[in-house]
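Student:
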Amino acid sequence: MSALKPKRTVAELKELRALSGDDNGAQRVAFTPTWLKAREWLHSKVSPLPVEIHNDAAGNTWFTLRGESEKCLLIGGHMDSVPNGGWLDGCLNVVAGVEILRRINAQYNGMPPVTVRLVDWADEEGARFGKSLFGSSACSGNLDMNEARGLVDKQGIKLPDALKNVGIDFERVKDSGKELQNAAAYIELHIEQGPVLLDLDLPLGAVLGTFGVERHAIAFHGQAAHSGSTPMNRRKDAFLAAAKMSPFIYSLAEQHGGVCTIGSCTTKPGIVTSVVEDCRITLDQRHLDASKLERLYWDARDASEQFAEDANVEVSWERLWQIAPRPFNGELIALCDESIRETCGQSHRLPSGPLHDAAEVAAAGVPTVMMFVQSLHGISHNKIEDTKEEHLELCVTAFDKLAEKAMRWIAAKD
Ligand SMILES: [Zn+2]
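First residue of the sequence shown? That's 12 in the numbering used here, and the numbers climb one at a time after it.
1) Relative to the C-alpha of residue 83, which residue among 103, 35, 155 and 189 is closest?
2) Alpha carbon to alpha carbon, what distance is there between residue 395 and residue 97?
3) Out of curiosity, what's the CA-to-CA distance linking residue 318 and residue 381?
4) Note down the Cα distance separating residue 171 from residue 180, rounded to an integer number of angstroms.
5) By how many angstroms is the C-alpha of residue 208 removed from the C-alpha of residue 332?
6) Can the beta-carbon of residue 263 be found less than 8 Å from the beta-carbon of residue 307?
7) Using 7 Å as the cut-off, classify the Cβ of residue 101 as near or not near the heavy atoms of ligand 3, replying yes or no.
8) Please find out if some non-hydrogen atom of ligand 1 comes closer than 7 Å to the beta-carbon of residue 89.
9) Candidates 30, 36, 57 and 62: which alpha carbon is nearest residue 49's?
10) Please look up how many angstroms separate the CB atoms of residue 357 and residue 213, rounded, as I've assumed it's under 8 Å.
11) Report the residue from 43, 281 and 413 whose alpha carbon sits nearest the alpha carbon of residue 491.
12) In the structure shown, what three-state DSSP assignment does residue 411 receive?
13) Please work out which residues of its chain come closer than 8 Å, Cβ to Cβ, to residue 330, disregarding the five sequence neighbours upstream and downstream, and give them in chain order.
14) Could you check how far apart the C-beta atoms of residue 315 and residue 326 are, in whole angstroms? I think they sit under 8 Å.
15) Using three-state DSSP, classify residue 261 as helix, strand or coil.
16) Are the C-beta atoms of residue 264 and some chain B residue less than 8 Å apart?
17) How many Å lie between residue 392 and residue 92 at the Cα?
18) Taking the beta strand (DSSP E) that residue 196 belongs to, which residues open and close that run?
19) How do the stretch 114-131 and the stretch 162-176 stand: do at least 3 beta-carbon pairs fall below 8 Å, yes or no?
20) State the start and end residues of the unbroken beta strand (DSSP E) segment that holds residue 175.
21) Specify the secondary structure class of residue 420 as computed by DSSP and reduced to three states.
22) Rounded to a whole number of angstroms, what is the C-alpha to C-alpha distance between residue 16 and residue 401?
23) Taking 8 Å as the cut-off, decide whether the C-beta atoms of residue 276 and residue 260 are in contact.
24) Please state whether the Cβ-Cβ distance between residue 248 and residue 287 is less than 8 Å.
25) When DSSP builds the beta bridges, which residues end up paired with residue 290?
26) Quick check: the Cα distance between residue 305 and residue 337, rounded to an integer number of angstroms?
27) Would the C-beta of residue 305 count as close to ligand 1, meaning under 7 Å from any of its heavy atoms?
28) If you scan the stretch 43-79 from start to end, which runs of the beta strand (DSSP E) of 3 or more residues do you find wholly inside it?
29) Is the CB-CB distance between residue 211 and residue 359 below 8 Å?
30) Following the continuous alpha helix (DSSP H) through residue 131, name the residue where it begins and the one where it ends.
31) By Cβ distance, which residues of its chain are closer than 8 Å to residue 416, with the 5 residues on each side in sequence left out?
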C-alpha cells in the first residue's frame, strides 16, 4: 500500500547519470552548465508535487511541502559533484528525498503533520574554488566571508564573479540563514565513501557525527653536515627526530581512537651527501570526541619535544587548520538505528571522517543525523564509486522510515 518506490529512485539515479555524466564519471561541478541542467532535471521531478520551490540567497534550492505545523523536517543533499566523480555522492540523498516527498504527500493527502523541506545545497564539494560546504556554511553562518571573497578558480575567476553569473550576490549569501528558522530536525542520507560497512558486511549504518580535525605542520631544525666526515654522535639530524617520532604519533590513534596521518615530509638541503638540517612533516588528526582530539594533539606535541631533545634538534608547530567535532543528536541517532534494524535486521553506529552539509546544519543548532549506505570498494570521488542496487533500495526504505519517525518526533514536541 505504501507509495514509496525505491526502484524508482534507482532508475532516476541512472537517468541523472546519463544526463550529467560521461565516460569519466559525473560532471556536475557547481555553477557549471551541467550542474544547472541537473538542477533543472531535479525541478522537473519535484514540480508535479504541491510544493513551493525557491532558491535562497546562497543558491541552495528549497522544496517545501507545507504541513499542519510550521515546524520543519529538513532532508538534505547536494546535486554537485567533483569532476569525474561518482554517480551517487550527494545526489543519492536528493533523489531519495524526492521519493520520500512523494510518499509523504500521498499518505497525508498533501498535508503532513509537520512541514517537510528538501534542500539541494549549492557547491558542497568545493571542487572549483577549493572550499567545501559553501551553501550550507553560508546558511549556518559559519562561512568566512573574507576568505571566500578572495577565492579564485584555475582560470583566475573570483568566487563572487562566478556567483554573479548564476544570479547570486556574494555579499548577501548569509541571508540564507533565515531558511533554518523553523527547522526542528535535519536528516541526510549518504554513501559511506569508506570501507567500514563493507568490511562488516552490513548495508546501512547510523552516523554519530563528523570528526573534528587538527591539522599542523611540524618543523624540526638541526644542522647540515658532511655525510662522510661527521661522526654519528656529533650529528643534529632533523630527519631522524621526525622519523623516530612518527610511529609514536600513529600509536596515539591506537591508544585514544580516531585517525592520524603524516601526509608529507620534506627535507633540506635534501641531498644525498648531507645530514638533514630542516625536516617538515604535516600531521592531520581526527576524532569524534573533542577531549580525545585534544589528547591526540597534546600527546603528539609533548612527544615531539622529547624526540627533538633526544636528537639535539629544535622543533616548532604551526596550525594549518582546525575544526571542532560535530556530534549528531542522540535521539535522532536512536531513531536512525531503529529504522535500519526494521529494514534489514542489523545496524551499526559509526563516525564520519569526511565532512558533510549535515555538519554545518548541526553546528547551527538543528538536531541532526545522517544515515550511511555501504560503498563498494570503499571508494568515492572516483568514477568507480558504486553501491549494490539492493542496498540502494534498502537505504531508500530505511531513510523513509527515519523521515516518518523524525516527523512524529517533531510533532510530539510541538
Ligand atoms: Zn557528498
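Quick reminder that beta carbons are idealized off the backbone N, C-alpha and C, glycines included.
It should be emphasised that the depicted structure is a prediction, and the values quoted were computed from it without experimental measurement.
Tutor: This is what the structure holds:
1) 189
2) 7 Å
3) 41 Å
4) 7 Å
5) 29 Å
6) yes
7) Ligand 3 is absent from the structure shown, which contains only ligand 1.
8) yes
9) 30
10) 6 Å
11) Here the chain covers residues 12 to 425 and nothing more, so residue 491 does not appear.
12) helix
13) 225, 226 and 227
14) 5 Å
15) helix
16) Chain labels in this structure do not include chain B; a single protein chain is all it has.
17) 8 Å
18) 194-202
19) no
20) No beta strand (DSSP E) holds residue 175; the alpha helix (DSSP H) holding it covers 170-176.
21) helix
22) 13 Å
23) no
24) yes
25) 231 and 278
26) 15 Å
27) no
28) 63-66 and 72-76
29) yes
30) Counting along the chain, residue 131 falls outside any alpha helix (DSSP H), though it belongs to the beta strand (DSSP E) covering 125-131.
31) 346, 349 and 350
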